[in-house]
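S.K.:
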């Protein structure tokens, strides 16, 4: 497709702007590793929240959501539970607090904080690094392919007569630009550019939604969809019949196994809760939480993601869907069984987006790719430099050496990821396997690490290893990740528990340090009791009931936020008023039962002054509040 001069100018200005940001903040980012990987823990929570939201504005995910809304109607609000989209609720209620209290820099460093320095902890440390780097490599390769294909469709310049090489050239150019500003600016560049990207995407998304409201007659739209499309309710069966309107859509429903919709939603909800209880994977999501100034700001950030992301993103999704249903249906019917929903976006931009806004939307969609790519690039050197080079080779090197090595590692991983994307044409299936089956194997061990004191480094290693080994066959058999999840979960759970009970428990001093800092709820009574002689004022975390109630209300709040953007664009005013009311009531409840109770650390530290990083003392007399506070790391 062709773009007007103004649209091209906007795209070019955005790209030059990202480079400028990389130069502008490179000196600040290169001071120390703490500055490079975590922004010196000085980045405001709202900026981290916008950065996190921008990272979730992935265009591939957006197009998948267009397909879901097109075929499943308002019932599609449940389908992102597959990822699960509501994991931000668990993070905002309690997991971001627990994770940020650790004061570590990476997921692998967190493993050492949880399990200590023994052989089991070393094995766990190695496997989580391997897991994290596999994710990094997969996402970088996926980003390289995605950027090239998307740019080749929307940017007007033909860099090569062969379409394949045209995509490659675009992938190399945009990847090089992204790599430069991330390498120069580290987490500072990631956050500042992603804030810019999110603002651009929000403006474009709201504009697309408004255009759909102006152009789509609700009565015409209702005639274009099957009965039940506008309802969020469902029974055991989906209850949508596309046969008379778009037979290929009905085939999609059958092929995806969605006819028994009630069973499907129950399975994704259960899986989503378990995956959410495991906490964030050791990638850029974890890095943003660890970058927050403190535990409360980490919780604010996680809540802010849902507040700012859901409405604009679904205005874009619903605007594209509504315009396609009313104006693009003949072309979709003509595709027959080769129905391609990826054609919706070029069709809408070409026919319905005005000059200027089209450039903003294209630049924003390119930014969405760059956002995921940038955050992933920043995650790789954190593991190589901090968890391998610094720990095993040069623990006393100066900070400049670590930062310069981080430059090299970032560039190396970008090259490796791009090569994988270049030579593996079926990368999409591999990435789906990584984020599907491999994440399934991640769940059991990472749930137990938070809630059970007897779970040790060996248990974590064997649980993660079992997950990886159980996931490998799924690359070669025809079974969905959702159906395989219960099997993988049971295998990993057995391996995790057996590995823990057949080996000695972790050093009690390590467990005490973890419990004092993080203060999780769960099965920690032996550790708590072992601390009472030295810290008689110590209180266990009794907030499990309150936290779980808040999670339940938070899930309702998150789902209502998701529906607002859809209902607004579809002009379903009565349902919109109801959804806004649910958000308002749930927000009031969470204000009183969650927000007002947030604390960086438990109450007994409130009057103890600023905490510093020290281990528990082997005192013979009870410790004061100030001594207890010394255990914490800000």
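Residue numbers (the working numbering): 55 to 688. Idealized CB from N, CA, C, for every residue including glycine. Quantities reported herein were computed from a predicted structural model and do not represent experimental measurements.
Could you check whether residue 598 and residue 643 sit closer than 9 angstroms to each other, using their CB atoms as the reference points?
M.R.: In the chain shown, the residue the question calls residue 643 occupies position 589. In the chain shown, the residue the question calls residue 598 occupies position 544. Cβ distance not < 9 angstroms, so residue 643 and residue 598 don't count as in contact.
S.K.: Taking its Cβ as the centre, do 16 or more other Cβ atoms sit within 10 Å of residue 61, making it buried, or is it exposed?
M.R.: By one-based count along the chain shown, residue 61 stands at place 7. By the 10 Å Cβ count, residue 61 comes out buried.
S.K.: Which same chain residues end up closer than 7 angstroms to residue 630 when comparing Cβ atoms and leaving out the 5 residues on each side of it in sequence?
M.R.: Locating residue 630 in the chain shown gives position 576, counting from the first residue. The answer, listed in chain order, is 618, 621, 622.
S.K.: Out of 385, 555, 369, point me to the one whose CA is closest to residue 267's CA.
M.R.: Along the chain shown, one-based indexing puts residue 267 at 213. Nearest C-alpha to residue 267: 369.
S.K.: For a test of the three-state rule: what should DSSP assign to residue 577, helix, strand or coil?
M.R.: Taking the first residue of the chain shown as 1, we reach residue 577 at position 523. If DSSP states are grouped into helix, strand and coil, residue 577 belongs with the strands.
S.K.: Do you know offhand how far residue 190's Cα is from residue 431's?
M.R.: Residue mapping note: residue 190 aligns to position 136 of the chain shown, counting from 1. Residue mapping note: residue 431 aligns to position 377 of the chain shown, counting from 1. Approximately 7 angstroms, taken between the alpha carbons.
S.K.: Can you tell me whether DSSP reads residue 283 as helix, strand or coil?
M.R.: Taking the chain shown and counting its residues from 1, the one referred to as residue 283 is at position 229. The answer is coil: DSSP assigns residue 283 none of H, G, I, E or B.
S.K.: Within a Cβ cutoff of 6 angstroms, which residues of the same chain sit near residue 402, ignoring the five residues on either side of it in sequence?
M.R.: To locate residue 402, count along the chain shown from 1; it is residue 348. Excluding positions up to five away in sequence, the list reads 374, 377.
S.K.: I need the straight-line Cα distance from residue 616 to residue 272, nearest angstrom please.
M.R.: As a working note, residue 616 is residue 562 in the chain shown. As a working note, residue 272 is residue 218 in the chain shown. Computed Cα separation, rounded: 20 angstroms.
S.K.: Applying the criterion that 16 or more other CB atoms from any shown protein chain within 10 Å of the CB defines a buried residue, is residue 393 buried or exposed?
M.R.: Within the chain shown, the letter at position 339 stands for residue 393. Answer is buried; the Cβ neighbour count reaches 16.
S.K.: Counting C-beta neighbours from all protein chains within 10 Å, is the total for residue 424 16 or more, i.e. buried, or is it exposed?
M.R.: The count along the chain shown starts at 1 and reaches residue 424 at position 370. Under this definition residue 424 is a buried residue.
S.K.: Which word fits residue 578, buried or exposed, when buried means at least 16 other C-beta atoms lie within 10 angstroms of its C-beta?
M.R.: Translated into positions along the chain shown, residue 578 becomes position 524. Flag for residue 578 reads buried.
S.K.: Can you give me the Cβ contacts of residue 359 inside the same chain, cut-off strictly under 6 angstroms, excluding the 5 residues immediately before and after it?
M.R.: Translated into positions along the chain shown, residue 359 becomes position 305. Result list for residue 359: 103, 106, 107, 142, in chain order.
S.K.: Are there three or more Cβ pairs, one per stretch, closer than 8 angstroms when the region 206-214 is compared with the region 540-555?
M.R.: No, because fewer than three Cβ pairs between the region 206-214 and the region 540-555 fall closer than 8 angstroms, the two stretches do not touch.
S.K.: Express the C-alpha separation of residue 444 and residue 450 in angstroms, rounding to a whole number.
M.R.: Reading the chain shown from its first residue, position 396 is the one you call residue 450. Reading the chain shown from its first residue, position 390 is the one you call residue 444. Near 8 angstroms, if we compare the C-alpha coordinates of residue 444 and residue 450.
S.K.: When burial is assigned at 16 or more other CB atoms within 10 Å of the CB, is residue 512 buried or exposed?
M.R.: Indexing the chain shown from 1 puts residue 512 at position 458. It counts as buried.
S.K.: Between the region 574-594 and the region 336-347, do at least 3 Cβ pairs fall closer than 8 angstroms?
M.R.: Contact fails: fewer than three Cβ-Cβ distances are below 8 angstroms.
S.K.: Where does residue 506 sit, in a helix, a strand or coil, going by DSSP?
M.R.: Numbered from its first residue, the chain shown carries residue 506 at position 452. Strand, per DSSP.
S.K.: Excluding the 5 residues preceding and the 5 following residue 294 in the sequence, name in chain order all residues of the same chain whose CB lies nearer than 6 angstroms to its CB.
M.R.: By 1-based counting over the chain shown, the position of residue 294 is 240. Excluding sequence neighbours, residue 294 sits near 280, 282.
S.K.: Starting from residue 347, trace the alpha helix (DSSP H) both ways and give me its first and last residue.
M.R.: For the purposes of this step, residue 347 is taken as the residue at position 293 of the chain shown. No alpha helix (DSSP H) contains residue 347, which DSSP labels as neither H nor E.
S.K.: With distances taken Cα to Cα, identify the nearest neighbour of residue 126 among 175, 497, 303.
M.R.: By one-based count along the chain shown, residue 126 stands at place 72. Nearest of 175, 497, 303 to residue 126, Cα basis: 303.
S.K.: Between the Cα of residue 467 and those of 172, 192, 99, spot the shortest distance and give me the residue it belongs to.
M.R.: Walking along the chain shown from the start, residue 467 turns up at place 413. For residue 467, the nearest C-alpha among the options comes from 192.
S.K.: With C-beta atoms as the reference, is residue 504 less than 9 angstroms away from residue 333?
M.R.: If you number the chain shown from 1, residue 504 lands on position 450. If you number the chain shown from 1, residue 333 lands on position 279. Closer than 9 angstroms, so yes.
S.K.: If we ignore side chains and look at the alpha-carbon of each, how far apart do residue 624 and residue 499 end up?
M.R.: Here residue 624 refers to the residue found at position 570 when the chain shown is read from its first residue. Here residue 499 refers to the residue found at position 445 when the chain shown is read from its first residue. Residue 624 and residue 499: Cα-Cα distance of roughly 43 angstroms.
S.K.: Rounded to the nearest angstrom, how far is the Cβ of residue 174 from that of residue 515, given a contact under 8 angstroms?
M.R.: In the chain shown, the residue the question calls residue 174 occupies position 120. In the chain shown, the residue the question calls residue 515 occupies position 461. Confirmed, Cβ separation roughly 6 angstroms.
S.K.: In three-state DSSP terms, what is residue 563?
M.R.: The residue you call residue 563 lines up with position 509 of the chain shown. Residue 563: helix per DSSP, three-state reduction.
S.K.: Let's test the definition: count the other Cβ atoms within 10 Å of the Cβ of residue 573 and tell me whether it reaches 16, buried, or not, exposed.
M.R.: As a first step, residue 573 must be located in the chain shown, where it is residue number 519. It is buried - the Cβ of residue 573 has at least 16 other Cβ atoms within 10 Å.
S.K.: Just the Cα atoms here: how many angstroms apart are residue 278 and residue 473?
M.R.: Position 224 of the chain shown, counted from the start, is the residue given in the question as residue 278. Position 419 of the chain shown, counted from the start, is the residue given in the question as residue 473. Cα to Cα, residue 278 sits roughly 44 angstroms from residue 473.
S.K.: Where do the ends of the alpha helix (DSSP H) carrying residue 318 lie?
M.R.: In the chain shown, the residue the question calls residue 318 occupies position 264. From DSSP, the alpha helix (DSSP H) with residue 318 extends over 315-331.
S.K.: Would you say the region 169-187 touches the region 632-639, given that touching needs at least three Cβ pairs under 8 angstroms?
M.R.: Because the criterion of three Cβ pairs below 8 angstroms is not met, the region 169-187 and the region 632-639 do not touch.
S.K.: Ignore the nearest five residues each way along the sequence and tell me which others in residue 275's own chain have a CB closer than 8 angstroms to its CB.
M.R.: Stepping through the chain shown from its first residue, residue 275 is reached at position 221. So the qualifying residues of the chain are 376, 379, 380, 624.
S.K.: Looking only at its own chain, which residues have a Cβ that is under 7 angstroms from the Cβ of residue 408, when we skip the five neighbours before and after it?
M.R.: Within the chain shown, residue 408 is the residue found at index 354, counting from 1. Closer than 7 angstroms at the Cβ level, and outside the excluded window around residue 408, lies no residue.
S.K.: Tell me, please, whether the CB atom of residue 70 is closer than 9 angstroms to any CB atom in chain E?
M.R.: The structure shown contains no chain E, having only a single protein chain.
S.K.: Applying the criterion that 16 or more other CB atoms from any shown protein chain within 10 Å of the CB defines a buried residue, is residue 97 buried or exposed?
M.R.: On the chain shown, position 43 is the one that residue 97 refers to. The residue is buried, with at least 16 neighbouring Cβ atoms inside 10 Å.
S.K.: Give the range of the alpha helix (DSSP H) segment to which residue 405 is assigned.
M.R.: Start at 1 with the first residue of the chain shown, and residue 405 comes out as number 351. 398-406 is the span of the alpha helix (DSSP H), which, as asked, contains residue 405.
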